[in-house]
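To convert a position in the sequence shown, counted from 1, into the numbering used here, add 3.
Read through the structure below, which is laid out as structure tokens, and then see the notes.
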Amino acid sequence: MTNKNIGVLTSGGDSPGMNATIRAVVRTGIYHGNKISGIKRGYEGMIDGDIEELHLSSVSNVIKYGGTFLKTARCKEFYTKEGRAKAHANLKKFGIDSLIVIGGDGSFRGLHEFTNEFSIQCIGVPGTIDNDLYGTDYTIGFDTAVNTALEAIDKIRDTATSHSRLFIIEVMGRTSGYIGLYTGIGGGAEEILIPETVSDIEKLCKTLKVGRKRGKKSSIIIVAEGDEAGNAFDIKKKIEQLTNYEIKVSVLGHQQRGGSPTAFDRILASRLGYEAVLAIMKDESDKMVGMIHNTVALTSLEETWSKKKGIDEDYLTMADILAI
Ligand code: F6P
């Protein structure tokens, strides 16, 4: 048992499973004798003092919902010393002595800065659809986002086949190709363009032509929004210059961020929320709690963004072979 006042917030882009994480933090924290304070709208709510105590019933039936009932924000003011000082003053006012932040790399950078400035104990929980944090095999929300995108890709494949068309489907991931790679493999895409690999459009066109000669009726190219060759519309233009194919573009966008979390994300969120509280109780700080090879792992916050979580080369090779 400990007697801490743990502040919990969600920050940055939301991801399905954030509510399940908050639920796990609240239930585990209270079970072990702590008080849990919910901070609204990420760091914005910390700066504004938008904070209220969460009880066991505050998290009833939230596990199945996408989004985050605490709301979230990308808070520019928290990048400033003044903003962080206001946030710290509010933590003192509300008697909060430790923080659990559910978010991605941007949120963790701010948290690392904050904890070093004010010696506030903190633990990060990886909540982002991008799956781009070093120190965890999967981030909360990634699996749901992939499944949401796959549902759309399957539907697009139907119409692509009926019309013998080439579709370029853009998925999220400004700097990370994980959603692109997983949806590309799962959706049987002919080509996958992601920021981690060099996209060779000439080679891609040659491969498409070979496929057509062999009788392929439709093709799907998955492109991550942050691919270095451009977004889906840029790629379309480049392919049009080299072929006479009729090309349609579909940008999946923010639907990938919403929806009821999958079983995988609910379980990951529950485990990591639970483990985050245990880490706080053991006086751990400035670390992210993640899962590596199905084992709980703590990684320093700084490493989560400074070390690159690479894309598995075997997956890339496999994707190429399966798409012939
Ligand atoms: O949260 C991650 C993410 O969805 C990225 O994949 C995407 O590039 C970005 O957020 C979009 O952010 P916003 O919703 O602020 O436009």
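Glycine included, every Cβ here is placed at the ideal spot set by N, Cα and C.
Query	Result
Where do the N-terminal and C-terminal ends of the alpha helix (DSSP H) with T151 fall, by residue?	F145 to H166
What is the DSSP secondary structure of C125, reduced to helix, strand or coil?	strand
At the level of alpha carbons, what is the spacing between I224 and T71?	32 Å
In whole angstroms, give me the CA-to-CA distance for R112 and Y82.	9 Å
Once you ignore the five residues that flank S222 on each side, which residues in its own chain have a CB closer than 7 Å to its CB?	L169, E193, L211 and G214
Quick check on H115: buried or exposed, where buried means 16 or more other Cβ atoms within 10 Å of its Cβ?	buried
Please find out if some non-hydrogen atom of the ligand F6P comes closer than 7 Å to the beta-carbon of D157.	no
Cα separation between V11 and L207?	46 Å
Hey, how far is the Cα of I99 from the Cα of G191?	49 Å
When you compare only the Cα positions, how much space is there between A240 and G41?	Checking the displayed sequence, the identity of residue 240 turns out to be Lys instead of Ala. Cα to Cα, the separation comes out at about 48 Å.
Looking at T75: is its Cβ nearer than 8 Å to the Cβ of G32?	no
With three or more beta-carbon pairs closer than 8 Å as the criterion, would you say the stretch 144-162 touches the stretch 253-265?	yes
Measure from the alpha carbon of E249 to the alpha carbon of each residue in H166, E306 and M175, then state which is nearest.	H166
Within the present structure, is the beta-carbon of H58 separated from the nearest heavy atom of the ligand F6P by less than 7 Å?	no
Evaluate R217 with the Cβ neighbour count: other Cβ atoms within 10 Å of its Cβ, from every protein chain shown; 16 or more gives buried, anything less gives exposed.	exposed
How far does the beta strand (DSSP E) with S309 in it reach, from first residue to last?	Element bounds for S309: not the beta strand (DSSP E) but the alpha helix (DSSP H), L304 to S309.
What I want to know is whether the C-beta of E243 ends up closer than 7 Å to one or more non-hydrogen atoms of the ligand NAD.	Among the ligands in the structure shown, the ligand NAD does not appear; only the ligand F6P can be found there.
Could you tell me the distance, in whole angstroms, from the CA atom of L245 to the CA atom of R160?	23 Å
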